[in-house]
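In our numbering, the protein residues as written are 57 to 333. All C-beta atoms, glycine included, are put in the ideal place defined by N, C-alpha and C. All remarks here apply to the structure that follows.
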Amino acid sequence: MRHKNVLLPMWLITLVACSQNHQHPSTNQWLLIDNFETQTLTWQKADTDNQTNPYIPNPQVTKISREAESSNHYLLKKPAAEGIIGNRKALSFTKLPKVVEVGETYTFFTRINVEAFPNNHAFGLSNLQPNEIKKHGYNAFEPTLRVTDKAESNGFKNDGALMVKTDKGYSNIQNYNAAQSAKPLNTNQWYSIWYVVNNAPTKMQGQQYNVYVQGGEFTTQTLVYKNAKSRMKREQPLIYFLANANTGPAKKPYGNGGLKYDDLYMSRGINLSNPVR
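Below you can see the structure in the form of structure tokens.
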């Protein structure tokens with residue numbers, strides 16, 4: 057009896073510890089997608105709507121660069137070099153280290169830095185294979201984040217704030233404390249982004265994601281959008297990280313401002329710790 061009385065509290069302690077770890081995952085549960093420190097780019101690239109004139113094969117700029125003030129490496133992405141217009145879909149994508157099955161929730165972490173405006177960039181996750189990503193372009197995305205200051209076809213001018221996908225198009229992220237849209241992203245400043253992706257079926261309130269940001273006006277990690285919607289809602293396993301950039305049409309180009317990416321991670325469940333601290 058005495059022996060059992062000793063074991064019971066230890067079992068309870070272990071159970072509580074496991075429960076706490078599940079609710080508050082530690083940083084060692086982050087899976088690295090890419091931090092570009094190997095200095096070897098293994099991503100697939102495709103320019104599937106190349107309208108450059110005169111024609112330039114493979115016009116997109118997607119390369120690993122190094123910060124001048126440190127040894128940190130990052131991915132710089134532009135639809136084309138300065139002065140070149142007409143590359144409408146500069147796709148770059150890499151396979152996730154872990155498939156996000158239907159019904160699962162995963163947190164994704166990405167740092168971004170706007171090299172320059174004007175620009176038009178989108179990034180997020182896809183549940184399509186490479187040949188299908190190339191075929192569908194923007195419609196290969198599910199959870200999608202967007203950076204642009206371009207004018208829309210209806211005349212609305214985006215202001216450069218980080219955006220999410222909704223069922224009605226795109227929406228700026230929000231400063232809920234100020235009850236207003238978030239401010240435009242600053243150039244040459246790193247922003248940390250957490251997007252918690254619910255890949256359950258739509259009928260189970262899935263195919264949506266919440267976004268948290270730290271950087272700019274958000275000095276601490278802040279919830280900036282609730283229940284953004286996956287683009288296509290195919291209800292399939294998520295398998296690729298995808299980035300796209302667009303110069304705009306030759307007659308009315310948007311601009312070739314670059315977007316820097318770094319420290320791409322994923323973690324099962326809701327994990328709002330910082331994997332790069």
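Just the Cα atoms here: how many angstroms apart are K190 and A102? Translated into positions along the sequence shown, residue 190 becomes position 134. Translated into positions along the sequence shown, residue 102 becomes position 46. The straight-line gap from Cα to Cα measures roughly 7 Å.
At what residues does the alpha helix (DSSP H) containing N187 begin and finish? Residue 187 sits at position 131 when you count from the first residue of the sequence shown. Note, N187: alpha helix (DSSP H), P186 to H192.
Name the one or two DSSP bridge partners that I120 has. By one-based count along the sequence shown, residue 120 stands at place 64. DSSP output for I120 lists L131 as bridge partner(s).
Three or more beta-carbon pairs under 8 Å between the region 270-283 and the region 230-238, yes or no? yes
Give the DSSP bridge partners of F197, in chain order. Residue numbering aside, residue 197 sits at position 141 when the sequence shown is read from its first letter. S182.
Quick one: what's got a C-beta closer than 6 Å to E157's C-beta in the same chain, skipping five residues either side? Position 101 of the sequence shown, counted from the first residue, corresponds to residue 157. Once the five neighbours on either side are set aside, the close Cβ partners of E157 are P293.
Specify whether the region 309-325 and the region 170-180 touch according to this definition: at least 3 beta carbon pairs, one from each stretch, less than 8 Å apart. yes
Would you report the Cα separation of V332 and Q95, rounded to the nearest angstrom? Here residue 332 refers to the residue found at position 276 when the sequence shown is read from its first residue. Here residue 95 refers to the residue found at position 39 when the sequence shown is read from its first residue. Approximately 18 Å, taken between the alpha carbons.
Option nearest K308 by Cα separation, candidates T108, D90 and F92: Counted from its first residue, the sequence shown places residue 308 at position 252. For K308, the nearest C-alpha among the options comes from T108.
Cα separation between W86 and M322? Taking the first residue of the sequence shown as position 1, residue 86 is located at position 30. Taking the first residue of the sequence shown as position 1, residue 322 is located at position 266. Cα-Cα distance, rounded: 6 Å.
Whole angstroms are fine: how far does the CA of M219 sit from the CA of N163? Here residue 163 refers to the residue found at position 107 when the sequence shown is read from its first residue. Here residue 219 refers to the residue found at position 163 when the sequence shown is read from its first residue. First, the amino acid is wrong: residue 163 is Thr here, not Asn. Distance between the alpha carbons of T163 and M219 is about 18 Å.
If we count Cβ pairs, one from each stretch, closer than 8 Å, do we get three or more for the region 266-274 versus the region 245-257? yes
Just the C-alpha distance for K389 and Y194, rounded to the nearest angstrom, thanks. The question about residue 389 has no answer, for the chain in this structure spans 57 to 333.
Q264: buried (16+ other C-beta within 10 angstroms of its C-beta) or exposed? Locating residue 264 in the sequence shown gives position 208, where the first residue counts as 1. That one is buried.
Enclosing beta strand (DSSP E) for T276 [first to last residue]: In the sequence shown, counting from the first residue as 1, residue 276 sits at position 220. F274 to K285 is the span of the beta strand (DSSP E), which, as asked, contains T276.
Can you give me the Cβ contacts of K206 inside the same chain, cut-off strictly under 7 Å, excluding the 5 residues immediately before and after it? Locating residue 206 in the sequence shown gives position 150, counting from the first residue. Counting only Cβ-Cβ distances below 7 Å, and skipping sequence neighbours, we find P174, N176, N214, G304 and Y310.
For N183 and E160, what's the separation of their Cα atoms in angstroms? Sequence index remark: in the sequence shown, residue 183 carries index 127 (1-based). Sequence index remark: in the sequence shown, residue 160 carries index 104 (1-based). Distance between the alpha carbons of N183 and E160 is about 13 Å.
May I have the straight-line CA-CA distance separating P199 from A124, to the nearest angstrom? By one-based count along the sequence shown, residue 199 stands at place 143. By one-based count along the sequence shown, residue 124 stands at place 68. In a straight line, the C-alpha of P199 is about 32 Å away from that of A124.
Evaluate R144 with the Cβ neighbour count: other Cβ atoms within 10 Å of its Cβ, from every protein chain shown; 16 or more gives buried, anything less gives exposed. In the sequence shown, residue 144 corresponds to position 88, counting from 1. R144 should be labelled buried.
Helix, strand or coil at M260 [DSSP, three-state]: Here residue 260 refers to the residue found at position 204 when the sequence shown is read from its first residue. Looking at M260 - three-state DSSP - the assignment turns out to be helix.
Determine whether the beta carbon atoms of F344 and D319 lie at a separation below 8 Å. Given a span of 57 to 333 for the chain in the structure shown, any question on residue 344 remains unanswerable.
Short Cβ contact (8 Å threshold) for A146 with N302: In the sequence shown, the residue the question calls residue 146 occupies position 90. In the sequence shown, the residue the question calls residue 302 occupies position 246. Yes.
Residue closest to R324, alpha-carbon to alpha-carbon, out of W246, R287, M260 and N255: Within the sequence shown, numbered from 1, the residue matching residue 324 stands at position 268. Comparing Cα positions, the closest option is N255.
Can you tell me whether DSSP reads Q270 as helix, strand or coil? One-based indexing of the sequence shown puts residue 270 at position 214. In this structure, Q270 counts as strand in the three-state DSSP scheme.
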